[in-house]
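Heads up, the sequence shown is in UniProt numbering, so the first residue is 1 and it goes up one at a time.
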Amino acid sequence: MAGSTTAERGERQRESSGPPPLLRSRRARLRAIVLLGLVLVFLGIPTVWLFYGSDWLRAEHVSVSGTRVLTPAQVKAAAEVPLGKPLISVDTDAIETRLRRKLPRIDAVDVVRSWPRGIDLKVVERTPVLIVQKGGKFVEVDDEGVRFATVSEAPKGVPALELTLSRSSSAAASLRRFGESRLVREAVGVARAVPAAVARDARTVKVRSYDDISLELRDGRTVVWGSGEKGAAKARTLTALMKASPGARYFDVSVPTAPASSGS
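In structure tokens, the structure reads:
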């Protein structure tokens, strides 16, 4: 040791003065993590109690908006919101599922927590574009072909759907190929595609086969539409044809590039 230089002795003194810098850094980080954990624990306990244990943030009332035919009372009853439960634990997805299952008239619903004590049910109802007479009642059909409600009175301004499938071989083949549900959707597409002025006057949409769909208007005029294809082109052609032949009683736009009208 006597032969040690002054520099070597200084180096040994620095090494013996404490732990290496890397170890000190790790210890500092560990202390910081422990301290942060303690802070979070002390902050978290009151927060958990506030959301789950207190009476301040519990579901106490339900509000309904957007209904037209349904009543708010019907929607609330079907929703079965668990009143009295902590608002944060209310299963909004389950409420939405119940509403769709119990009330097919609902097309869309948004279930929202309204802090501090409410649940808001924002409803969008289906709109009928066709009705199907069944016995003495009427089945409403929406723009997707969904039969969603049966009512005792036909809604005003909604045309009736008549599936008058003929016994011809072509009609039978059409029914086998597409099925009744597809033919209903085609009729819905036609009802949506006709010009607004014609739609307001439409009394019946008749379906004999996939490519044989026609409309009976309230004043007795007939529109032969054909299939549901090229709906926009047929609508433009029908508008022009009706203007050119205002006294006609029969309009055929099944081939929009070769329309025809007749009768007076």
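All C-beta atoms in this analysis are idealised placements derived from N, C-alpha and C, irrespective of residue type, glycine included. None of the values given here were measured: they were computed from a predicted structure.
Can you name the residues that DSSP bridges to residue i?
i    : result
I213 : V207, G226
E162 : K206
T71  : Paired residue(s): none; T71 is not in a bridge.
D252 : V224, A260
E140 : I131, A149
Do residue i and residue j have their CB atoms nearer than 9 Å?
i    : j    : result
V69  : L121 : no
V124 : V141 : no
R200 : G145 : no
G157 : G189 : no
V75  : T92  : no
L183 : V198 : no
V109 : L99  : yes
G226 : S181 : no
I119 : A77  : no
V139 : T150 : yes
Sort the options by Cα distance to residue i and report the nearest one.
i           : options                : result
E60         : F178, A197, S114       : S114
F148        : A244, R101, D212       : R101
R58         : P259, P246, G135, L87  : L87
R117        : G84, G136, R208        : G84
Y250        : G136, S261, M242       : S261
residue 265 : E80, V151, A258, V224  : No information on residue 265 is available, as it lies outside the stretch 1 to 264 that the chain covers here.
V132        : K206, K243, K230, A244 : K206
F178        : G226, D211, V81, G231  : D211
residue 267 : A233, S209, A248, G231 : No answer is possible for residue 267: it lies beyond the span of the chain, which begins at 1 and ends at 264.
S152        : G66, D143, G136        : G136
A232        : D252, K243, P256       : P256
V81         : S65, E96, T71          : E96
Next on the checklist: Quick test of the definition: if touching needs 3 or more C-beta pairs under 8 Å, does the segment 91-111 touch the segment 151-163?
Outcome noted: Fewer than three Cβ pairs drawn from the segment 91-111 and the segment 151-163 lie within less than 8 Å of each other, which leaves the two stretches out of contact.
Next on the checklist: Measuring CB atoms only, is the segment 229-244 touching the segment 189-202, in the sense that at least three cross pairs come out at less than 8 Å?
Outcome noted: yes
Checklist entry - Which runs of the beta strand (DSSP E) spanning at least 3 residues fall entirely within the UniProt domain "POTRA" (57-126), listed in chain order? => result 61-65, 106-114, 118-125
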